[in-house]
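In terms of my numbering, the sequence shown opens at residue 3 and continues consecutively. We put the CB at the ideal spot given by N, CA and C, even for glycine. First comes the structure, then the notes that go with it.
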Amino acid sequence: MLKVFVSSTFRDLKKKRKALLEKVESALVGVGMERFIPDGKTSQETGISELRDCDLVVFLISPYYGSLLEDCRIKNCRAKCP
């Protein structure tokens, strides 16, 4: 079954994320940060791991942004992090 990763800021789009994940899960497997289980990894590490395991990604865009990272922990990342 296809896995769909839902990515967005959380607090401002909480209701929209919930509605989208419910729709997705009626036919596919929905993956979102609210379903991550604490396991000692950072949210960045867990998110990237889950993202790589998904078939599709849906980005919900808002004028806000999430937390800023001090350093990138993604192996072979090409982004220019602060």
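Along the chain, where does the beta strand (DSSP E) containing residue i start, and where does it finish?
i: L22; result: That residue, L22, is in no beta strand (DSSP E); its alpha helix (DSSP H) goes 16 to 26.
i: S69; result: Premise fails: S69 is in no beta strand (DSSP E) and is neither H nor E.
Are residue i and residue j close, meaning C-beta to C-beta below 8 Å?
i: D57; j: L4; result: yes
i: V6; j: R19; result: no
i: S45; j: M35; result: yes
i: S64; j: L22; result: no
Using DSSP with H/G/I as helix, E/B as strand and the rest coil, what is residue i?
i: G32; result: strand
i: D53; result: The identity of residue 53 in the sequence shown is Leu, whereas the question assumes Asp. Helix at L53.
i: S64; result: coil
i: S45; result: helix
i: R13; result: coil
i: R37; result: helix
Have a look at the DSSP bridge pairing and note the partners of residue i.
i: S58; result: Per the sequence shown, residue 58 should be read as Leu rather than Ser. V6, per the DSSP bridge assignment.
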